[in-house]
Amino acid sequence: MLSRAALPLLRPRSLTLASRLSFAQCHIRGYATKGPVRPEGFKKPSDFIPATQRYHQPLRPVPASQTQNLHSSSSAFAQSQPNSSSRAGSQKPEAPSTSKQNSEPEVESSQPLPDLRDGIPSEFNTEAQPQQPLPDLTQGIPSTLDAELNQARRRDPSSKESLNITEEAADPQSSKASDRGGDGLPRSSYVSTSDRKRSALVKYFYLSVVVGGLAYGLYMGRDWDEEEAASHTDIPNGYSPALVYQRAAARFGSTMSYYKDPVTKKLLPDAALMDPNMPPFTLVLGLEDVLIRSEWSREHGWRIAKRPGLDYFLKYLSLYYELVIFSSQPSFTVDQIHRKLDPYQMVYPLFREMTVYEDGGYVKDLSYLNRDLKKVVMVESDPHAARKQPENAIILPKWDGNPNDTTLIDLIPFLEYVANMGFDDAREVLKSFEGKYIPAEFDRRQKLIREKFEAERAQKKSKKSFGGLGSLFGTKSQSPDGMQSLTEAEAQGKMIWDQIRERGHEMYQRLEKHLETEGPKIIAEREAMEKKMQDEAMASMKSGMFGWFGPGSGSGEKK
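If you're matching positions, the sequence shown starts at -17 in the numbering used here and goes up one per residue.
Dropping the structure here:
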């Protein structure tokens, strides 16, 4: 008899009907453990729970309504069964001892337990699905996420895709935010006073920004003054919306030009202030991928290489051109590179601050050079940098670092020819070479003229053989001062550019001798001038920092 066997094990507090039934079910199904059974306070609750419920159903307290139903059903079942004493026959239950009655109080017997010897009644059988095999716990504790998600979906069918399994189905939670809280008040009632003030300040800030922007736009669209009217003759004064907008746009454009245009309108000093013996032509050379190449590697970091023949190229052409090296990098980045390339200050350095920013790149606008564009030749590797004056530019392939490159040396004869043949407009000569690689094309034309010259010299032996020299280049040749006469040159088989080249080599040799003797002095003067400028700048900075202490503060001089 289960009920008699369990009575001696009861504690002073009585068992509820639900606890008795749970214990009875576990014993009938074979889940009872060895040793004394303790429905309350046992060490391993999992031993009394079926596997299907252990891993797929979370433990929850039994609602009061179900507990009442169990009490009522157990009372009805007890009344329908005959007396246990008559079914037992002659076996009369033994009365408990007096000591047991004194030590433990009697259990309430107002609702007798059902007779479980014939099986569990159908109304108490809670097994709803077939028993699943027990998990293999040697592989670790199995995941219960899927079971918890399924149970959460059963609680709230409207949120099937929700992963929120921590809320009860009775919670007033939906997929969309409600306009009211749980107590029926609007959500604005839950906003604190500081949050309301902060929100109001943000609205006032945006409103002030809009009003201030409109006021500033109207101010920028005001009428021109005398100086502005002279520079904007296409936009008259007036207060129509179109004119106000045009004047405001023009003023905004002039403001942005500070960031896009060069720092000055004249990148080179006036020609009238220069040496009267200065060459008439100006040669603008790009720095990156034309004269040098920069590369970075893990082993060496940044390394800069000079193009082969660069030193000879600069010294030789300085005899015929005003040289300018125009870089698209900031001055503080390439200033030391310029010092290495031009230690004797024969070249004007220009930097990114002198370029025009346009269409995502830096353009070298030659109109800011303060020179006649008819006498300007530009050598560049980036077509975007020469987009303002493409007719003045010679576009060369980018130097890839090849140490056997001869592009600069091959270009010298053409540039020498342009500077010495007395052309009025260098752009006309460059146009005749449009679409061709100039060093190779010039060499081809030179060979054709030389062949014609040799044939005429052999036939006529006269000066008229020089008539075809300028025909291929669209101009007439002129003999520079100090050169050998044409008759003498013809007798020796020399053409006019041969004489120019001989004269150029003589001048180059004199320049080399001059730099050998005067070069150290030039470098020392340059360093002294830079040191003086640095000292003046430092003194000016100190006076600005300590000037508010009084006159003479921070000067470092003792009076």
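C-beta atoms are modelled at their ideal positions from N, C-alpha and C, and glycine is treated no differently.
In this structure, glutamate 335 lies near valine 245, with their beta-carbon atoms less than 7 Å apart. Comparing C-alpha distances from isoleucine 394 to each of Tyr241, Leu296 and Met477 shows the shortest one belongs to Leu296. In this structure, Tyr326 is the residue among Tyr326, Ile286 and Leu255 with its C-alpha nearest to the C-alpha of isoleucine 504. By a beta-carbon distance limit of 8 Å, leucine 292 contacts leucine 390. Their separation comes to about 6 Å. When Thr388, Gln121, Ser276 and Asp406 are compared, the shortest CA-CA separation from alanine 422 is found for Thr388. According to DSSP, glycine 343 shares a beta bridge with Glu340. For the stretch 328 to 395, the continuous beta strand (DSSP E) assignments of 3+ residues that do not extend past its boundaries occur at 330 to 332, 338 to 340, 343 to 345, 358 to 362 and 375 to 377, in sequence order.
Segment contact: the stretch 312 to 321 against the stretch 402 to 413, fewer than three CB-CB distances shorter than 8 Å; contact not assigned. Distance between proline 117 and threonine 126, taken at the CA atoms: about 12 Å. If you look at threonine 264, you'll find it in the beta strand (DSSP E) that goes 263 to 268.
For tyrosine 303, the enclosing beta strand (DSSP E) has its first and last residue at 303 to 308. Three or more beta-carbon pairs separated by less than 8 Å link the stretch 302 to 309 to the stretch 245 to 265, which places the two stretches in contact.
Sorting Val266, Asp382 and Tyr330 by C-alpha distance to the C-alpha of lysine 357 places Val266 at the top. Taking the CA atoms as reference points, tyrosine 240 sits about 25 Å from proline 372.
Excluding residues up to 5 positions away in sequence, Arg334 lie with their Cβ nearer than 6 Å to the Cβ of glutamine 311 in the same chain. Under DSSP, glutamate 423 shares a beta bridge with no residue.
Glutamate 277 has Arg285 as its beta-bridge partners, per DSSP. By the C-beta criterion, the stretch 331 to 350 is judged to be in contact with the stretch 363 to 370, since at least 3 inter-stretch pairs fall below 8 Å. If the five residues before and after aspartate 252 are omitted, its C-beta is found closer than 8 Å to the C-beta atoms of Asn352, all from its own chain and listed in chain order.
Rounded to the nearest whole angstrom, the C-alpha separation of glutamine 481 and arginine 229 is 60 Å.
Take isoleucine 123, set aside five residues on each side of it, and no residue of its chain has a beta-carbon closer than 7 Å to its own. A distance below 7 Å between beta-carbons, with the five flanking residues on each side excluded, links arginine 233 to the following residues of its chain, in chain order: Met202. Scanning the stretch 172 to 243 for uninterrupted alpha helix (DSSP H) segments of 4 residues or longer gives 175 to 202, 208 to 213 and 223 to 242, listed from N- to C-terminal end.
With a cutoff of 7 Å on beta-carbon distance, isoleucine 307 and leucine 355 are scored as not near each other.
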